[in-house]
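These protein sequences, in sequence, are chains A and P.
According to the working numbering, the stretch in the first sequence is residues 1 to 500, in order.
According to the working numbering, the stretch in the second sequence is residues 501 to 680, in order.
Each residue gets a CB set at the ideal place from its N, CA and C atoms; glycine is no exception.
Read the structure below first, then the notes.
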Amino acid sequence: MNFNPNDLVGILPAVILTLGGCALMTTEVFLRKDGPDRRYQPFLAAVFGLIALYVSLSQLGDPSATLFAGAAVADGIGRSISAVVSGTLVLSVLLAAGYLETLSASRGEFYALALFSAAGMCLLSQATDLIVVFIALEVMSLAVYSLTAWLRKGTKPAEAAFKYFVLGSFASAIFLYGAALAFGAAGSTRIADLALAVRNANAGSSMLVYAAGALLTVGFAFKVAAFPFHMWVPDVYDGAPAPVTGFMAAGVKAAAFATLARILIGGFGDVGASMGPHGWQSLIVLLAGATMLVGNVLAVPQRSVKRMLAYSSIAHAGYLLVSIAAMAGSEPRQDAVFGLVFYLASYAATVIGAFGIVALIERKLAPTGASDDLTTWGGLAQKHPLLAAAMSLFMLSLAGVPPTAGFMGKLGIFRAAIEAGLVPLAIFGVLTSAAGLYYYLRVVVYIYMVPSTKPEPVVGGRMLTAGVALAACAVLVIWMGVQPGAFATLTQSSLAGFGK
Amino acid sequence: MAETILFYIFAIGVLFAGAQVVLRRNPVHGALSLVACFFFLAGTYVLLAAHLIAILQIMVYAGAVMVLFVFVIMLLNLKDEELGTPRRTIWKGIGLVSVVGATGAVAWRGLGSAYDSVLAHGAATQLTDMAKHTLPGAPFGSLKAVAHAVYLNSVLPFELTSLLLLVAVVGAVVVAKGKI
């Protein structure tokens with residue numbers, strides 16, 4: 001019951017990221033207002049991210065441990081999600097470096113907020129107490145709201161941030177109401193006690209448990225942008241700076257999906273209970289089907305690549321929900337858990353790369369105030385053949401074409417769904433992702449086949465750090481597609497201690 | 501008996517004042533209704549034998565936080581025309597009916613029967629029993645019991661809250677700062 005300092009080792013990635021954020025803010029004090037002496041900041045942030053990545057990877061095989069009297073846990077899924085989040089952070093800050101410098105918007109707070117947000121994501125994936133879930137969720141969200149509002153020129157970022165803030169707070173309130181009802185049913189906010197209450201629910205308290213489960217799910221459905229809670233996504237993803245959008249799409253999704261799985265499996269997983277897996281599984285199946293359909297259909301008419309990627313992220317939330325539905329059971333289905341973690345990692349590498357290239361286009365367009373359009377991508381292949389090849393690779397991976405990471409991710413998820421007996425959902429998912437091919441390949445067509453309308457280069461500014469990050473994304477996408485077995489330690493250790 | 505009457509007075513007060521916060525057109529009236537809501541809520545805490553929380557509720561929320569709220573509203577000094585005119589649409593009606601229906605269903609079917617046993621014993625005594633079970637010697641709601649809960653059982657959320665406040669301060673400064 002007493003505080004044990006060794007528990008801090010269990011949340012070491014989050015501690016390192018928090019210290020990194022504090023270090024960045026402290027050194028910011030000694031800098032002049034403008035000048036080139038801020039160049040070290042993205043690299044310092046990346047170093048802290050790399051240390052957190054190394055720590056979470058090195059702890060992967062360790063046995064799981066309960067921390068802080070059951071408020072958090074150090075287990076496989078928490079560590080693998082921490083690794084995904086730290087990797088996401090490193091790639092995003094490297095992409096943001098040149099972007100912010102070109103727009104003369106580099107400040108230490110940007111990287112500090114990114115680090116704090118990543119710390120919140122790590123803790124969120126390790127939380128086993130609804131209070132800790134809520135506070136970690138807010139740490140993550142508040143930092144991302146402010147990053148969305150980072151650029152203040154024009155009305156779009158302010159509108160995006162405000163929309164995100166209001167709807168995000170609304171979602172948090174719904175989650176909090178669900179947590180309060182869960183406390184009412186269980187007399188405790190620990191997920192383990194909630195499982196006990198679900199098992200012993202009688203006719204009277206089962207309504208309370210149902211309402212709690214539904215509200216907690218809705219709160220997270222907002223955060224992962226599942227239909228019908230997806231309204232904020234296009235405007236927010238479009239209005240935020242492109243490196244932030246990539247970080248948001250990859251990191252927030254990873255942490256929120258891990259926690260949703262933990263609450264549903266750990267809290268409501270009991271097969272025997274009336275509000276057991278059969279209760280929430282049908283809810284998640286409905287959400288997944290509608291999300292895949294709506295995301296893919298709405299992405300088709302988009303002319304802006306950034307907006308198209310926003311709608312496609314809704315569709316990908318649908319695929320990830322399929323894996324959650326396939327997990328249902330008192331013990332989570334192994335292949336569905338592997339599928340979820342692998343898909344989150346592959347989606348992170350792909351989407352950060354895609355938004356990284358959008359960032360290169362965007363920082364060129366920013367002074368003119370124009371937003372990106374398919375025509376601005378015309379002629380990219382002639383002027384920047386490597387960038388064009390990378391963008392095509394990311395589009396193919398998002399569409400799920402072999403031999404890319406996206407293909408292996410979708411394969412794992414749909415196979416898990418079929419083995420869980422959700423054959424119609426899997427077929428529906430494959431059909432909707434085939435529809436996705438159209439809008440992903442249209443970008444490739446514009447890059448290679450449509451000539452540029454303007455004589456000047458398509459992208460501008462310093463590109464070295466962004467190039468390194470994009471190369472890393474591209475290598476990861478091919479590597480995960482060709483040799484998924486190399487990531488087996490990451491995905492398979494995710495099962496150890498899950499939901500306990 | 502007196503406890504039950506007091507509970508209903510506080511509960512109706514919370515509901516009425518809470519509804520006024522949403523329904524009032526004038527933001528100052530809304531803010532003052534929120535103060536009233538906080539006071540009634542503090543009364544409910546006293547009934548639950550949580551005296552420390554009740555005092556904190558009045559000093560921190562009704563005192564410090566609400567003064568800031570009212571100052572901000574008065575500094576903004578919104579005119580009637582800036583607030584816009586209220587419109588009654590069919591969607592607002594549907595929203596009202598569904599919200600009242602959903603909360604009513606949960607309260608009626610879920611809370612009603614789940615707490616029958618609790619109500620039979622009296623909520624306050626039940627909670628006091630719970631507190632005695634975890635910490636002998638310190639009555640529920642006392643400073644010692646709250647400190648025990650915050651610094652031992654909930655040390656991670658407590659420390660995490662300081663990170664949350666730090667992020668909120670940095671975020672607010674970033675957003676409020678001039679153009680970047």
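With burial defined as no fewer than 16 other Cβ atoms inside 10 Å of the residue's Cβ, what is the status of residue i: buried or exposed?
i: Met391 (chain A); result: buried
i: Ile427 (chain A); result: exposed
i: Asn526 (chain P); result: exposed
i: Asn577 (chain P); result: exposed
i: Gln483 (chain A); result: exposed
i: Lys644 (chain P); result: exposed
i: Trp591 (chain P); result: exposed
i: Leu431 (chain A); result: exposed
i: His529 (chain P); result: exposed
i: Ser397 (chain A); result: buried
i: Val85 (chain A); result: buried
i: Phe571 (chain P); result: exposed
i: Tyr343 (chain A); result: buried
i: Trp280 (chain A); result: buried
i: Gly604 (chain P); result: exposed
i: Ala182 (chain A); result: buried
i: Phe516 (chain P); result: exposed
Judging by CA-CA distance, which residue of the options is the nearest neighbour of residue i?
i: Tyr40 (chain A); options: A:Gly246, A:Leu365 and A:Val93; result: A:Val93
i: Leu137 (chain A); options: A:Ala173, A:Val482, A:Cys22 and A:Ser433; result: A:Ala173
i: Ala471 (chain A); options: A:Tyr448, A:Asp372, A:Ala389 and A:Met327; result: A:Ala389
i: Met559 (chain P); options: P:Leu548, P:Val521 and P:Ala542; result: P:Ala542
i: Val516 (chain A); options: A:Ser312, A:Thr350, A:Ala310 and A:Leu283; result: Coverage of chain A is limited to positions 1 through 500, which leaves residue 516 (chain A) absent and any answer about it impossible.
i: Gly409 (chain A); options: A:Leu100, A:Thr491, A:Phe134 and A:Arg79; result: A:Thr491
i: Phe247 (chain A); options: A:Arg307, A:Ala354, A:Ser106 and A:Cys22; result: A:Ala354
i: Arg32 (chain A); options: A:Ser80, A:Leu123, A:Arg107 and A:Met480; result: A:Arg107
i: Trp150 (chain A); options: P:Val675, P:Met501, P:Gly601 and P:Gly518; result: P:Val675
i: Gly378 (chain A); options: A:Leu425, A:Ala435, A:Leu89 and A:Val443; result: A:Val443
i: Pro451 (chain A); options: A:Ile16, A:His384 and A:Thr27; result: A:His384
i: Thr88 (chain A); options: A:Ala74, A:Thr66, A:Leu286 and A:Leu17; result: A:Leu17
i: Val650 (chain P); options: A:Tyr446, A:Ile131 and A:Arg152; result: A:Ile131
i: Ala148 (chain A); options: A:Ala242, A:Tyr177, A:Val477 and A:Ala288; result: The residue you asked about is not Ala; residue 148 (chain A) is Thr in the sequence shown. It is A:Ala242 whose Cα lies nearest to the Cα of Thr148 (chain A).
i: Ala72 (chain A); options: A:Gly178, A:Phe3 and A:Phe116; result: A:Phe3
i: Leu53 (chain A); options: A:Ala14, A:Asn296, A:Ile413 and A:Gly269; result: A:Ala14
Using a Cβ cut-off of 8 Å (strictly closer), state whether residue i contacts chain B.
i: Phe68 (chain A); result: No chain B appears in the structure shown, which is made up of the protein chains A and P.
Strictly below 8 Å CB to CB, what residues from chain P border residue i?
i: Val132 (chain A); result: Leu656, Pro657 and Leu660
i: Met248 (chain A); result: Going along chain P, no residue has its Cβ under 8 Å from Met248 (chain A), so there is no contact; the nearest lies around 15 Å.
i: Thr18 (chain A); result: Leu663
i: Val139 (chain A); result: Leu660, Leu663, Leu664 and Val667
Name the chain A residues that come within less than 7 Å of residue i, Cβ to Cβ?
i: Ala668 (chain P); result: Leu142
i: Arg609 (chain P); result: Met207
Taking Cβ-Cβ distances shorter than 7 Å, what residues in chain P pair up with residue i?
i: Tyr111 (chain A); result: Within 7 Å Cβ-Cβ: nothing; Tyr111 (chain A) doesn't reach chain P, min ~11 Å.
i: Tyr145 (chain A); result: Gly671
i: Ile135 (chain A); result: Pro657, Leu660, Thr661 and Leu664
i: Ala389 (chain A); result: Those within 7 Å of Ala389 (chain A) in chain P number zero; the least Cβ separation is about 33 Å.
i: Ala72 (chain A); result: Leu656
What residues of chain A sit near residue i, judged by a beta carbon separation below 9 Å?
i: Val674 (chain P); result: Arg107, Glu109, Phe110, Leu113, Ser146, Leu147, Ala149 and Trp150
Please check the pair residue i and residue j, which I expect to be a contact at CB under 8 Å, by giving their CB distance rounded to whole angstroms.
i: Met231 (chain A); j: Ala112 (chain A); result: About 30 Å; that fails the 8 Å criterion.
i: Thr376 (chain A); j: Leu365 (chain A); result: 7 Å
i: Ala420 (chain A); j: Arg333 (chain A); result: 6 Å
i: Phe48 (chain A); j: Gly20 (chain A); result: 3 Å
i: Gly406 (chain A); j: Ala399 (chain A); result: 7 Å
i: Asp238 (chain A); j: Ala160 (chain A); result: 7 Å
i: Ala315 (chain A); j: Ala336 (chain A); result: No, Ala315 (chain A) and Ala336 (chain A) are not in contact; Cβ-Cβ is about 19 Å, not under 8 Å.
i: Ser533 (chain P); j: Val514 (chain P); result: That pair is no contact at about 11 Å.
i: Tyr545 (chain P); j: Ala536 (chain P); result: That pair is no contact at about 15 Å.
i: Asp129 (chain A); j: Gly70 (chain A); result: 7 Å
i: Arg79 (chain A); j: Leu60 (chain A); result: 5 Å
i: Met327 (chain A); j: Ala254 (chain A); result: Met327 (chain A) to Ala254 (chain A), Cβ: 16 Å. No contact.
i: Ser117 (chain A); j: Ala143 (chain A); result: 3 Å
For a contact meaning CB atoms closer than 8 Å, what does residue i contact in chain A?
i: Val600 (chain P); result: Residues of chain A passing the Cβ test: none, with the nearest at roughly 15 Å.
i: Val606 (chain P); result: Leu181, Met207, Leu208 and Ala211
Interface residues of chain P around residue i at Cβ under 9 Å?
i: Glu28 (chain A); result: Correct list: empty, because the minimum Cβ distance to chain P is about 10 Å.
- [ ] Select from the segment 117-129 of chain A all residues with a C-beta closer than 9 Å to any C-beta belonging to chain P, and list them in chain order.
- [x] Ser117, Ala119, Gly120, Leu123, Ala127 and Asp129
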